[in-house]
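Working notes, beginning with the structure itself.
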Amino acid sequence: MAWFKVDDGFHASRKLLKIGKRARFAAIGLWTVAGSWAADQLTDGHIPDYMLKEWGAPPAAPESLVGAGLWERTQDGYTFRNWHEYQPSKQDVDAERAASRERMRDLRARRKQPKPLKQAEVGDVFGRTVPNGSESVRNPDPTHPDPTRPDPNKEEEADASSRPRKRATRLNEDFTVTPEMRLWAASKAPDADLNTETEKFINYWVAKSGKDATKLDWTATWRNWILNAKTSNTRPDHSARGLAKGMAMLQAYDAQQQQTLELGA
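Residue numbering for the sequence shown follows numbering that gives the first Met the number 0, beginning at 0 and increasing consecutively.
See the structure below:
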């Protein structure tokens, strides 16, 4: 199928407005129908006189198109001016259609090729080598589930694909350290100064720019920061002092939790 293309600015074009208002729509109606016919018949924009009679075009319409510079008079009809600047030529359409036919021939040829033996054994009724008795019904092939039953693997894949992916975000300036995070720090990095390191952590990541300034999990990023601070602050007596400090923090946290429970009761 070929298309007759009309520029979206044609409604306000100088050539259109050049046609008198009384004859304008009759002339443009003829211009549109003639363009559709020429594109379908691949005449490269030529409109013979007998088609004007077939359409019942008013005699003034083609002359209005000529006067506006949209058509030119020929020996046996009219032709669109500058047809090949806006519309595909017959040669182009024929070449595209030939290429399309060739693609379809290749596709049909590939479909007609015989199936590999393995496929025929599994799915082809005439090439089946698997017995079709009660034993095969009781013990179906696990690699080919019953088509009447849902495949759990495919359901899981569909659920996974439908879930929205987590997006990386920038650090919020209101980032806070939860009690659980403090317990973790007391166990993994007891020598780290949490308040100071957390403030440095927030200042660094809020000021940082570029794609590296976004993370999927800011809590995990904070943990890595505290671990690095622990490594940089390591001293020879780290283990003994760290254990004592961690135990003290844990005891203080347990006392606070106990007090909260008693007040709630």
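We put the CB at the ideal spot given by N, CA and C, even for glycine. No experiment lies behind these values; they were computed from the predicted model shown.
Residue j beta carbon less than 8 Å from that of residue i
i, j, result
"LEU84", "THR78", "Note that residue 84 is Glu in the sequence shown here, rather than Leu. No, the pair does not count as a contact, with Cβ atoms beyond the cut-off."
"ILE18", "SER63", "yes"
"ALA225", "GLU179", "The displayed chain sequence assigns Ile, not Ala, to residue 225. It is not a contact, given that the beta carbons lie outside the stated cut-off."
"GLY44", "TRP82", "yes"
"TRP204", "ALA212", "yes"
"PHE9", "LEU15", "yes"
Distance between residue j and residue i (C-alpha atoms, nearest Å)
i, j, result
"GLY34", "ALA167", "54 Å"
"ALA37", "ALA25", "18 Å"
"PRO61", "PHE3", "18 Å"
"VAL274", "PRO57", "Lying outside 0 to 264, the shown extent of the chain, residue 274 is not represented and no answer is given."
"VAL65", "ARG110", "53 Å"
"ASP105", "GLN112", "11 Å"
"ARG80", "ILE27", "14 Å"
"LYS207", "VAL176", "20 Å"
"ALA11", "ALA22", "16 Å"
"LEU29", "MET50", "11 Å"
"ASP216", "ALA184", "17 Å"
"ASN223", "ARG164", "23 Å"
"ALA94", "ALA108", "21 Å"
"GLU198", "PRO189", "17 Å"
"LYS114", "THR73", "59 Å"
"GLN283", "LEU41", "Summary: the structure shown does not reach residue 283, with the chain confined to residues 0 through 264, and so no result is reported for it."
"ASN202", "LYS214", "15 Å"
"ASP91", "LYS210", "47 Å"
"LEU69", "ALA59", "14 Å"
"MET103", "ARG96", "11 Å"
"LYS52", "ASP7", "29 Å"
"ASP173", "PHE200", "12 Å"
"ALA67", "THR31", "15 Å"
"GLU101", "ILE46", "31 Å"
"ALA98", "LYS20", "45 Å"
Per-residue DSSP class, three states only, for residue i
i, result
"ILE46", "strand"
"VAL129", "With a pLDDT of 49 at VAL129, under the threshold of 50, the predicted position of this residue should be treated as unreliable, though the coordinate-derived value follows. Coil, per DSSP."
"GLU172", "coil"
"VAL5", "coil"
"LYS114", "coil"
"ASP190", "coil"
"THR278", "The structure shown has nothing for residue 278, since the chain only spans 0 to 264."
"PRO61", "helix"
"SER12", "coil"
"GLN40", "helix"
"PRO235", "Low local confidence applies: a pLDDT of 42 at PRO235 is under 50, so the model's placement there is unreliable, with the coordinate-based value given in what follows. If DSSP states are grouped into helix, strand and coil, PRO235 belongs with coil."
"ALA206", "helix"
"GLY19", "coil"
"GLY66", "helix"
"GLN86", "coil"
"GLY34", "helix"
"GLY55", "coil"
Cβ separation of residue i and residue j, assumed to be a contact under 8 Å, to the nearest whole Å
i, j, result
"LEU193", "ARG181", "7 Å"
"GLY76", "ASP48", "5 Å"
"ALA191", "ALA219", "16 Å between Cβ atoms; not a contact."
Beta-bridge partners of residue i, as assigned by DSSP
i, result
"THR78", "HIS45 and GLU71"
"LYS214", "THR168"
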